[in-house]
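**Q** As numbered in this note's numbering, residues 1 to 261 make up the sequence shown, in order.
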Amino acid sequence: MATTLGGCHFCFLMLSSYLLIQFINEARWRLFPRKVTPQEIRFLDAHFPYFSKLKPIHRKEFLEKLETILSTKKFVARGGLEEVTEEMEILIGATITMVIFGWKNLRLAHFHTVLVYPNTYFSTVNQVYHRGEVNPKHGLIVVSWKCFVEGLANPSDGLNVGIHEVAHALKLANWIHTDNEQEFSPQSWANYNQWVPNELEKIRSGSSSFFRESAGLNEHEFFAVAVESFFERSLEFKNYHPQLYTALVHLLRQDPLVLMN
Ligand SMILES: [Zn+2]
């Protein structure tokens, strides 16, 4: 009985601190909306290919959504990183915006804080070095800045830790209902899922697959890796597996091949 009560008390504390953070983020957004400056737009054009290739009609929409993301998420330096610079905020924020660009109002509210480490960091939980991770319990997206930049440096190799972690956050958010957000439509999710087992099997059996080996670990990794390729190798992905690509188009409510010039 005591355990149950303690558990409930703990849940209550968790929920109230979560709601408090949500409230503060919301108030900050309303009171001090973060605006993207012309200089930052030029920076995005130079360093974020998805944005620079967007058709003019979508650029404005992208910037508005990016401003919402930047206004409602907290960026925190960790592991000896001196500060999260505006450039870091812009590029990480743009990655979040890109992955959820298909939704009108989605902002992955549950994941209220982005932790940025300078390099790979050691996790005491599973005793390995991480390039990034998501922590649904504490609403965190975590990235190593060095790995994030490496992911951006080659925009067409399907390796992008930023996209990877945001994809994990998106998939987790789909099962979290306290954020009052609706991510995947059940039909789109079912449609996507029908193609996954066969691809997982291909990767695990060592037959040639479009996706890297780590995608075979489990369905979560498969999804995150598939989303990386969806944005970075869209055409190759579509040629490799048109049905799976189209299923992701419906799931993510956007087609990079159509959106971009
Ligand atoms: Zn992963």
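Beta carbons are placed, not taken as given, at the ideal position from N, Cα and C, and that holds for glycine.
Please return the same chain residues whose Cβ sits closer than 6 angstroms to the Cβ of Gly6, not counting the five positions on each side in sequence.
**A** Low confidence applies to Gly6: its pLDDT is 41, below 50, so where it sits in the model is not reliable, and the reading given next is rough at best. Around Gly6: no qualifying Cβ.
**Q** Mind checking whether the beta-carbon of Ala77 lies closer than 7 angstroms to any heavy atom of ligand 1?
**A** No, ligand 1 has no heavy atom inside 7 angstroms of this Cβ.
**Q** Around the Cβ of Thr3, are there at least 16 other Cβ atoms within 10 angstroms (buried) or fewer (exposed)?
**A** Summary for Thr3: the model assigns pLDDT 36, below 50, so the residue's position carries little reliability; its value from the coordinates is reported in the next sentence. Under this definition Thr3 is an exposed residue.
**Q** Measuring only the C-alpha atoms, how far is Arg212 from Val225?
**A** Using only the alpha carbons, I get a separation of about 8 angstroms.
**Q** Given the structure, does His130 come close to ligand 1, in the sense that its CB is under 7 angstroms from one of the ligand's heavy atoms?
**A** No, the beta carbon of His130 sits no closer than 7 angstroms to any heavy atom of ligand 1.
**Q** Is the distance from the Cβ of Val114 to the Cβ of Phe62 below 8 angstroms?
**A** No, the Cβ-Cβ distance between Val114 and Phe62 is not below 8 angstroms.
**Q** Where DSSP assigns a beta bridge to Glu133, which residues make up the other side?
**A** Looking at the DSSP assignment, Glu133 forms a beta bridge with Val142.
**Q** Hey, is His112 close to ligand 1, as in C-beta under 7 angstroms from one of its heavy atoms?
**A** Not under cutoff, so the answer is no.
**Q** When the cut-off is 8 angstroms and only beta carbons count, does Lys73 lie next to chain C?
**A** The displayed structure is made up of one protein chain only, and chain C is not part of it.
**Q** If you measure between the beta carbons of Phe222 and Val258, is that distance less than 8 angstroms?
**A** No, they are not a contact pair.
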